[in-house]
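The sequence shown begins at 118 in the numbering used here and counts up one residue at a time. Single-structure report; data block below.
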Amino acid sequence: MPSPKEPAVPRVDVERHQRALLAAAADVLARDPDSSMADVAQAANLTRATLYRHFSNRPTLLKAIQAEALTRASETLHACRLDDGNALEVLRRVIGALGKHGMRFRIILIKASDASPRFLTQRDQVLAPVVEVVKRGQREGDIRADLAPEWIVTAMASMLIAAVRAAPTTKHADIDVSDLIFRTLVGGIATGNESPDATNPAVEN
Numbered sequence: 118m119p120s121p122k123e124p125a126v127p128r129v130d131v132e133r134h135q136r137a138l139l140a141a142a143a144d145v146l147a148r149d150p151d152s153s154m155a156d157v158a159q160a161a162n163l164t165r166a167t168l169y170r171h172f173s174n175r176p177t178l179l180k181a182i183q184a185e186a187l188t189r190a191s192e193t194l195h196a197c198r199l200d201d202g203n204a205l206e207v208l209r210r211v212i213g214a215l216g217k218h219g220m221r222f223r224i225i226l227i228k229a230s231d232a233s234p235r236f237l238t239q240r241d242q243v244l245a246p247v248v249e250v251v252k253r254g255q256r257e258g259d260i261r262a263d264l265a266p267e268w269i270v271t272a273m274a275s276m277l278i279a280a281v282r283a284a285p286t287t288k289h290a291d292i293d294v295s296d297l298i299f300r301t302l303v304g305g306i307a308t309g310n311e312s313p314d315a316t317n318p319a320v321e322n
């Protein structure tokens, strides 16, 4: 008699299993970007064979971590209450939250994902709600209107990426880094900080 088929694993369980695996992989690779697939499997309490059933090689794993990072970033921004408070208050929360998020998924930044046009397009889609926050700040008079909202958000993202990459060599705690980024950004975008040329286009050198 033919042997009975093994019951199919429910899709929700497969997805939960894979998310747990990705979380373990992100943690391991955040601490040591050169960790092997065997190290990842051990951290996730899985055999290497099980890991390879999900991800055939390291590039495939990194691509999956990148996708997971973008999904989690969207969830992180939603939790920042983007409509609660003035734009600068919101940006402080966003920078703090994304700083912690970036440290968790720092492997994708160390591997220069920000050089990938596809990644940059996806990142811009995730950050689109923050652009709207900046636009609101400009309408309400908290943020300079002579700077493009998209440029402001790109500058914020670039500083966060630089901070995450420099994390092993900096003496600052995460909260200190987030505060430094916020103050650096606000020093350039808050109203009252315009340069003479910005407030009076007719000024000549």
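Backbone N, C-alpha and C fix where the C-beta goes; we use that ideal spot for every residue, glycine too. Note that the structure is predicted; figures quoted are calculated from it, not measured.
- request: Provide the residue span of the alpha helix (DSSP H) that contains L264, from first to last.
  value: Per DSSP, L264 belongs to no alpha helix (DSSP H) and is neither H nor E.
- request: Would you mind sorting A279 into buried or exposed? The rule is 16 or more other CB atoms within 10 Å of its CB.
  value: Classification of A279: exposed, given that the 10 Å Cβ count is below 16.
- request: Measure from the C-beta of D156 to each C-beta in chain B and report whether the shortest distance is under 8 angstroms.
  value: In the structure shown, chain B does not exist; there is a single protein chain.
- prompt: Is DSSP giving A307 helix, strand or coil here?
  reply: If DSSP states are grouped into helix, strand and coil, A307 belongs with the strands.
- request: Just the C-alpha distance for I225 and A155, rounded to the nearest angstrom, thanks.
  value: I225 and A155: Cα-Cα distance of roughly 19 angstroms.
query: Between the C-alpha atoms of G304 and E206, what's the straight-line distance to the nearest angstrom?
result: Whole-angstrom Cα-Cα distance: 14 angstroms.
query: Going by beta carbon distance, what residues of the same chain come within less than 6 angstroms of R210, once the five residues before and after it are set aside?
result: Excluding sequence neighbours, R210 sits near C197.
query: With DSSP run on the structure shown, which of helix, strand or coil describes G258?
result: DSSP, read as helix, strand or coil, puts G258 in coil.
field: Residue nearest to R282 in terms of C-alpha spacing, selected from K228, F236 and L297
entry: Ranking K228, F236 and L297 by Cα distance to R282 puts K228 first.
query: For T164, which residues from the same chain have a beta carbon less than 7 angstroms from its beta carbon, with the 5 sequence-adjacent residues on both sides left out?
result: Result list for T164: A158, in chain order.
task: Could you say which of A181, L302 and H134 lies nearest to V251 if we only look at CA atoms?
output: It is L302 whose Cα lies nearest to the Cα of V251.
- request: Ignore the nearest five residues each way along the sequence and tell me which others in R189's own chain have a CB closer than 7 angstroms to its CB.
  value: Result list for R189: H218, in chain order.
query: Looking at C-alpha atoms only, which residue of L139, L264, S152 and H171 is the closest neighbour of A186?
result: The shortest Cα separation from A186 among L139, L264, S152 and H171 belongs to L139.
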